[in-house]
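Enquirer:
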Amino acid sequence: MPTPDFIREIRASVGHQLLWLPGVSAVVFDDEGRVLLGQRADNHKWAVISGIPDPGEQPADCAAREVYEEAGVRCVAERVVLVRSGTQVTYPNGDVCQFMDIAFRCRAVGGEARVNDDESLQVGWFEVDALPKMDERQNFLIKQALSDEPTWFAPTSSE
323 MPTPDFIREI RASVGHQLLW LPGVSAVVFD DEGRVLLGQR ADNHKWAVIS
373 GIPDPGEQPA DCAAREVYEE AGVRCVAERV VLVRSGTQVT YPNGDVCQFM
423 DIAFRCRAVG GEARVNDDES LQVGWFEVDA LPKMDERQNF LIKQALSDEP
473 TWFAPTSSE
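Per this note's numbering, residue 323 is the first one in the sequence shown, and the count goes up by one each step.
1) Kindly give me the distance between the Cβ atoms of R356 and V398, rounded to whole angstroms, as I take these residues to be in contact under 8 angstroms.
2) When the Cα atoms are used, what is the spatial distance from E471 to L404?
3) Return the chain-ordered list of same chain residues with a C-beta closer than 8 angstroms to the C-beta of S372, the five sequence neighbours on each side being excluded.
4) Over what stretch of residues does the alpha helix (DSSP H) that includes Q420 continue unbroken?
5) Rounded to the nearest angstrom, what separates W368 and V336 at their Cα positions?
6) Assuming the contact rule is C-beta atoms closer than 8 angstroms, R459 and V445 should be a hit. Round their C-beta distance to whole Å, please.
7) For L404, which of helix, strand or coil comes out of DSSP?
8) The alpha helix (DSSP H) with V437 in it runs from where to where?
What follows is the structure, given as structure tokens:
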């Protein structure tokens, strides 16, 4: 996965220590109710499209940008469906990150699903009752995007 320049600059000062970073996930549906997924190049797992906002970039704009950059699909964010902290991730080079994810339900408005950069091995539209094997975290994102529930927040640690 390409590391944004601003993170490379931070890493030059802080080395591999934990970075707390914003992240966005885009649960994109087409007019047929299918969900857009990509098979990630870094771990070969199927997932919704996600990424890191550039400094000053609005999260919804980042979601739309990432979807186009990675999958060739134009979309618009409709609503926030989930906000939660992820677990710490240690990358093969030793970098440690933890992301605060803001997940959006998005609607496709153009383009054609295709591998559009080196972050995905495959991309495609999937019926929600015929999804490829994915982490439970990904399934939960899709479930929340399909529900009419208000934005989901993780329970506080005092609960």
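For every residue, glycine included, the Cβ atom is placed at its ideal position computed from N, Cα and C.
Computed from a predicted model, the values in this text were never measured in an experiment.
Expert: Let's see:
1) Residue mapping note: residue 356 aligns to position 34 of the sequence shown, counting from 1. Residue mapping note: residue 398 aligns to position 76 of the sequence shown, counting from 1. Wrong, their Cβ atoms sit about 17 angstroms apart, outside the cutoff.
2) Indexing the sequence shown from 1 puts residue 471 at position 149. Indexing the sequence shown from 1 puts residue 404 at position 82. Their Cα atoms are separated by approximately 10 angstroms.
3) Reading the sequence shown from its first residue, position 50 is the one you call residue 372. The answer, listed in chain order, is G345, V346, S347, A348, E388 and D423.
4) Position 98 of the sequence shown, counted from the first residue, corresponds to residue 420. Careful: Q420 lies outside any alpha helix (DSSP H), inside the beta strand (DSSP E) at V418 to G433.
5) Taking the first residue of the sequence shown as position 1, residue 368 is located at position 46. Taking the first residue of the sequence shown as position 1, residue 336 is located at position 14. Cα to Cα, the separation comes out at about 31 angstroms.
6) Walking along the sequence shown from the start, residue 459 turns up at place 137. Walking along the sequence shown from the start, residue 445 turns up at place 123. No, R459 and V445 are not in contact; Cβ-Cβ is about 19 angstroms, not under 8 angstroms.
7) Reading the sequence shown from its first residue, position 82 is the one you call residue 404. If DSSP states are grouped into helix, strand and coil, L404 belongs with the strands.
8) If you number the sequence shown from 1, residue 437 lands on position 115. Careful: V437 lies outside any alpha helix (DSSP H) and carries neither H nor E.
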